[in-house]
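Chemist: Residue numbers (my numbering), protein chains in the order written: chain A, 53 to 486; chain B, 53 to 486.
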């Protein structure tokens, strides 16, 4: 029988090297994709609607004759919502309410202060005017992602949220449309791929140009987002999903095995790792994996993900587990221990932390409140979950009083002359009163 | 005599088109630069110190035999500081103190809250571990930029700040070294270009790998930063500097002309624009430009910048000026009017706002307090000044209580089944107590 999941031990001499190999992931730098995306973007920039329509006909096999046919009216979103089962509608509304409530705490306010000489300094916070939300179509169409991308923008005060979602062969996902209704999306176009990113970035006669594009997508969408970065803002470029679990052996091993599955079922490249000081518990989790795997509808994806990229790692103790976790800087970190809060204080790098045995990562994916769009591939070392702050920006406020200009002017002039910037110096000196 | 600066009028039928042409700027997409940068990065990744040393010998003509020779000891930074004139030292210290004080107000704190069922949600804020600061060498070596890039990192709590600054022909700038001393930079290497960006991103035997690289640079540096984005964080890709002035004709026209110069003297591609409802004042500014220009050491740069990219624009009124300013989303916006605070309330998009006749942009460049690293090329629509927030990141905290897992688990399971993610559903259901 082939290996279910590799087992490592942090006391092994070559553990650091093994861990590095385990974590190694380079997104393929596919020249063919880059070239195709460049061509599509240039074409959309030049021909607008006509180009978007043609690519949509070709790639999504949608026989529309005009861009107008590719826009979904608000009534269709509402109808999708009304058509849900009571259970689904209630669940979606509960999730939306909790996500909204958490994100409202992230909202930042403008501030300013006045100095003794009357000079006022501050920071003005404003929402972006108009943003684009990319929602994948087909098998990875997730209503939860609609909520997680649109609600922070809504809470930030963004006036127009333009959603794009491809509908291959014209098949729409009612849950996705219902989520757009709940989240308060302004307009929805059934377009996708690089052509949708181009339409949002450059604008067409039908699709208004946005200031920022967020949301996950395939390799073409990622390449297109990277390409239009600078003209518009983008969120992160997402890699495969990751879960890292620290467990003290007091959680039911079936729970831990299933938590590992819940990441592995996303994608064969997803990564699920357990850190535990107890060898008997690691064996119990391994046995549970073997027992539960055959019952999973996505067993094959899980099997490949665990075999190729998963690991059960025996560590010396929970402190060492925290050190390793800081090195891995995982997207999702479950600390399934009795003293979870204490251990969490030692964690510097993680997208989201799930503390205690009851905080399964799936609760965070849907309805705990915090965002499920999180930094992957060790980028939690320098980046953050998607949030309201991604849809607000700051402007510095500098209101120098006549008195303030006297002291600041001399400092500025001295430094400006030192840099050889005489107009800077002179501009400050004009405000000096002799 | 050739045109000093173009004059436009917002009532002209083709004004929108003219403004668009005026603002148009596309950074050249130079394949030669891209290829050179790719080659250098690959080489630095593979050969580390040896590659960095060779490129530094070749491009900067620095005859060092080892990387150790390219590191400046702390004592050399201190000596540079001690060697400054009293006036320069005092000015630099005053600027540093004000920049520190303003940025301390940007620092964000962790927060959390407990729900009725005992579930705790929150956001943990942590500084980045180690950052790299790129400081240009040669003619554009600005000590003020050292302060503006390093101090927010310091305030954020970053433990290690690694500065790189090329020293072509071995020439060091004492003001830059003194600024590094004041700002509390951890280590300084006299390397630059794509090789310095590569060393910071990948790490070498001598240069430690960083989590984020900030700071301005030439086209090679910009291309290299864009290329390593994802492996490390980067700040914005900066375009030419811009100033937009709204004036009600009550400020001395000599001041306004000099404020326009202070941007134009940076670079022939810099952009300086005046919006004013008063035609007589516009003529007075034009006359002042003609009068003051010959006295400027950088007259040729200013002349080219104003002629190629500058404009004096007559607007209908100050409200229209604000609308145009929101469209331009300038890096620096001076509102040199009597009712500046009132007008500032109408501005949604600007990197920094300088209010009232005494707030010359140059005061903000050096010592007012707010950062001078600001979004250019209309990116103030979606991005912010460099700040403490660029050196902090967030981790979501989710600590679900046993009771919370009952309500959240049902919602999550319903939505997970709707998305076809059975392991997600099962993982939530494991926590349900029957």
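Don't be surprised by glycine CBs; every beta carbon is placed ideally from N, CA and C.
Under three-state DSSP, which class holds residue 391 of chain A?
Modeler: Along the first chain, read from residue 1 onward, the residue named residue 391 of chain A stands at position 339. Three-state DSSP puts residue 391 of chain A in coil, outside helix and strand.
Chemist: Among A:237, A:89 and A:207, which one has its Cα closest to the Cα of residue 185 of chain A?
Modeler: Walking along the first chain from the start, residue 185 of chain A turns up at place 133. Checked all of A:237, A:89 and A:207; the closest Cα to residue 185 of chain A is A:237.
Chemist: How would you write the range of the beta strand (DSSP E) that residue 497 of chain A sits in, first residue to last?
Modeler: Not covered by the structure: residue 497 of chain A. The range shown for chain A is 53 to 486.
Chemist: CB-CB under 8 angstroms to residue 400 of chain A, same chain, minus the five flanking residues each way: which ones, in chain order?
Modeler: By one-based count along the first chain, residue 400 of chain A stands at place 348. Same-chain partners within the cutoff: 378.
Chemist: How far does the beta strand (DSSP E) with residue 451 of chain B in it reach, from first residue to last?
Modeler: Within the second chain, the letter at position 399 stands for residue 451 of chain B. Per DSSP, residue 451 of chain B belongs to the beta strand (DSSP E) from 444–451.
Chemist: Given this structure, state the Cα-to-Cα distance separating residue 386 of chain A from residue 386 of chain B, to the nearest angstrom.
Modeler: Residue numbering aside, residue 386 of chain A sits at position 334 when the first chain is read from its first letter. Residue numbering aside, residue 386 of chain B sits at position 334 when the second chain is read from its first letter. Between residue 386 of chain A and residue 386 of chain B, the C-alpha separation is close to 49 angstroms.
Chemist: From residue 126 of chain A to residue 193 of chain A, what does the alpha carbon distance come to, in whole angstroms?
Modeler: Counting from one through the first chain, the residue named residue 126 of chain A turns up at place 74. Counting from one through the first chain, the residue named residue 193 of chain A turns up at place 141. If I take the Cα positions, the gap works out to 19 angstroms.
Chemist: With a CB to CB cut of under 7 angstroms and the five nearest residues on each side skipped, what residues in its chain are close to residue 231 of chain A?
Modeler: As a first step, residue 231 of chain A is located in the first chain; it is residue number 179 there, counting from the start. Counting only Cβ-Cβ distances below 7 angstroms, and skipping sequence neighbours, we find 144, 195, 198 and 199.
Chemist: Given this structure, state the Cα-to-Cα distance separating residue 123 of chain B from residue 239 of chain B, to the nearest angstrom.
Modeler: Residue mapping note: residue 123 of chain B aligns to position 71 of the second chain, counting from 1. Residue mapping note: residue 239 of chain B aligns to position 187 of the second chain, counting from 1. Whole-angstrom Cα-Cα distance: 8 angstroms.
Chemist: How about the segment 272–279 of chain A and the segment 75–89 of chain A: do they share at least three Cβ pairs that are nearer than 8 angstroms?
Modeler: yes
Chemist: Residue 452 of chain A touches chain B at which residues, Cβ-Cβ below 9 angstroms?
Modeler: The residue given as residue 452 of chain A occupies position 400 in the first chain. Going along chain B in sequence order, the residues near residue 452 of chain A (Cβ under 9 angstroms) are 406, 407, 408, 410, 411, 412, 415, 416 and 420.
Chemist: Counting only Cβ pairs nearer than 7 angstroms, list the residues of chain B close to residue 240 of chain A.
Modeler: For this step, residue 240 of chain A is matched to residue 188 along the first chain. Ordered by position in chain B, no residue passes the 7 angstroms Cβ test against residue 240 of chain A, which lies about 19 angstroms from the chain.
Chemist: From residue 141 of chain B to residue 468 of chain A, what does the alpha carbon distance come to, in whole angstroms?
Modeler: Counting from one through the second chain, the residue named residue 141 of chain B turns up at place 89. Counting from one through the first chain, the residue named residue 468 of chain A turns up at place 416. So the two alpha carbons sit approximately 13 angstroms from each other.
Chemist: Hey, residue 450 of chain A and residue 406 of chain B: beta-carbon distance below 8 angstroms or not?
Modeler: Within the first chain, residue 450 of chain A is the residue found at index 398, counting from 1. Within the second chain, residue 406 of chain B is the residue found at index 354, counting from 1. Yes; because the gap between Cβ atoms is below 8 angstroms, this pair is in contact.
Chemist: Count the CB pairs spanning the segment 165–176 of chain A and the segment 252–271 of chain A that are closer than 8 angstroms, and state whether there are at least three.
Modeler: no
Chemist: Identify which residue in A:303, A:320 and A:361 has its Cα closest to the Cα of residue 336 of chain A.
Modeler: Locating residue 336 of chain A in the first chain gives position 284, where the first residue counts as 1. Here the closest residue by C-alpha is A:303.
Chemist: When you compare each of A:480, A:438, A:72 and A:279 to residue 151 of chain A by their alpha carbons, which one comes out closest?
Modeler: Here residue 151 of chain A refers to the residue found at position 99 when the first chain is read from its first residue. Looking at the Cα atoms, A:438 is the closest of the given residues.
Chemist: Which residues in chain B sit within 7 angstroms of residue 194 of chain A, going by Cβ to Cβ distance?
Modeler: If you number the first chain from 1, residue 194 of chain A lands on position 142. Result: 471.
Chemist: In terms of residue numbering, what span does the alpha helix (DSSP H) encompassing residue 456 of chain B cover?
Modeler: On the second chain, position 404 is the one that residue 456 of chain B refers to. From DSSP, the alpha helix (DSSP H) with residue 456 of chain B extends over 454–470.
Chemist: Taking Cβ-Cβ distances shorter than 9 angstroms, what residues in chain A pair up with residue 423 of chain B?
Modeler: Sequence index remark: in the second chain, residue 423 of chain B carries index 371 (1-based). Under the 9 angstroms cutoff, chain A gives 448.
Chemist: Counting contacts by CB-CB distance shorter than 8 angstroms, is residue 186 of chain A in contact with chain B?
Modeler: On the first chain, position 134 is the one that residue 186 of chain A refers to. Answer no: the Cβ-Cβ gap between residue 186 of chain A and chain B never drops below 8 angstroms.
Chemist: Between residue 171 of chain A and the rest of its own chain, which residues show a CB-CB distance below 6 angstroms, the 5 nearest in sequence each way excluded?
Modeler: In the first chain, the residue the question calls residue 171 of chain A occupies position 119. Contacts found: 452, 453 and 456.
Chemist: Can you tell me the Cα-Cα spacing of residue 433 of chain A and residue 338 of chain B, whole angstroms?
Modeler: Position 381 of the first chain, counting from 1, holds the residue named residue 433 of chain A. Position 286 of the second chain, counting from 1, holds the residue named residue 338 of chain B. So the two alpha carbons sit approximately 51 angstroms from each other.
Chemist: Enumerate, from N- to C-terminal direction, the unbroken beta strand (DSSP E) stretches of 3 or more residues contained entirely within the segment 284–350 of chain B.
Modeler: Counting whole runs of 3 or more residues, the segment 284–350 of chain B contains the beta strand (DSSP E) stretches 294–299 and 323–328.
Chemist: As a quick exercise: from A:299, A:345 and A:173, pick the residue whose alpha carbon is nearest that of residue 392 of chain A.
Modeler: Translated into positions along the first chain, residue 392 of chain A becomes position 340. Among A:299, A:345 and A:173, the Cα nearest to that of residue 392 of chain A is on A:299.
Chemist: So residue 56 of chain B packs on residue 380 of chain B, CB below 8 angstroms; how close in whole Å?
Modeler: Here residue 56 of chain B refers to the residue found at position 4 of the second chain. Here residue 380 of chain B refers to the residue found at position 328 of the second chain. So it is not a contact: roughly 21 angstroms between Cβ atoms.
Chemist: Would you check if there are 3 or more beta carbon pairs closer than 8 angstroms linking the segment 205–214 of chain A to the segment 93–106 of chain A?
Modeler: no
Chemist: Quick one: what does DSSP say residue 179 of chain B is sitting in, helix, strand or coil?
Modeler: Taking the first residue of the second chain as position 1, residue 179 of chain B is located at position 127. Assignment of residue 179 of chain B by DSSP, reduced to helix, strand and coil, places it in the strand class.
Chemist: Out of B:234, B:289, B:421 and B:419, which one is the CA nearest neighbour of residue 283 of chain A?
Modeler: Sequence index remark: in the first chain, residue 283 of chain A carries index 231 (1-based). If we check each option's Cα against that of residue 283 of chain A, B:289 comes out closest.
Chemist: Kindly confirm or deny that the segment 303–312 of chain A and the segment 103–118 of chain A touch, where touching means at least three C-beta pairs closer than 8 angstroms.
Modeler: no
Chemist: Please confirm if residue 67 of chain A has its CB atom under 8 angstroms from at least one CB of chain B.
Modeler: Working through the first chain from its first residue, we reach residue 67 of chain A at position 15. Cβ-Cβ to chain B under 8 angstroms: no for residue 67 of chain A.
Chemist: On the DSSP letters alone, give me the boundaries of the alpha helix (DSSP H) that residue 434 of chain B sits inside.
Modeler: For this step, residue 434 of chain B is matched to residue 382 along the second chain. Counting along the chain, residue 434 of chain B falls outside any alpha helix (DSSP H), and DSSP gives it neither H nor E.
Chemist: What are the boundary residues of the alpha helix (DSSP H) that residue 474 of chain A is part of?
Modeler: Walking along the first chain from the start, residue 474 of chain A turns up at place 422. Here the alpha helix (DSSP H) through residue 474 of chain A covers 474–482.
Chemist: Could you say which of A:408, A:108, A:180 and A:251 lies nearest to residue 222 of chain A if we only look at CA atoms?
Modeler: The residue you call residue 222 of chain A lines up with position 170 of the first chain. Closest by C-alpha distance to residue 222 of chain A, out of A:408, A:108, A:180 and A:251, is A:108.
Chemist: Compute the Euclidean distance between the alpha carbons of residue 285 of chain A and residue 435 of chain B, then round it to the nearest angstrom.
Modeler: Translated into positions along the first chain, residue 285 of chain A becomes position 233. Translated into positions along the second chain, residue 435 of chain B becomes position 383. Whole-angstrom Cα-Cα distance: 7 angstroms.
Chemist: Going by the CB atoms, is the gap between residue 404 of chain A and residue 447 of chain B shorter than 8 angstroms?
Modeler: Taking the first residue of the second chain as position 1, residue 447 of chain B is located at position 395. Taking the first residue of the first chain as position 1, residue 404 of chain A is located at position 352. Yes; because the gap between Cβ atoms is below 8 angstroms, this pair is in contact.
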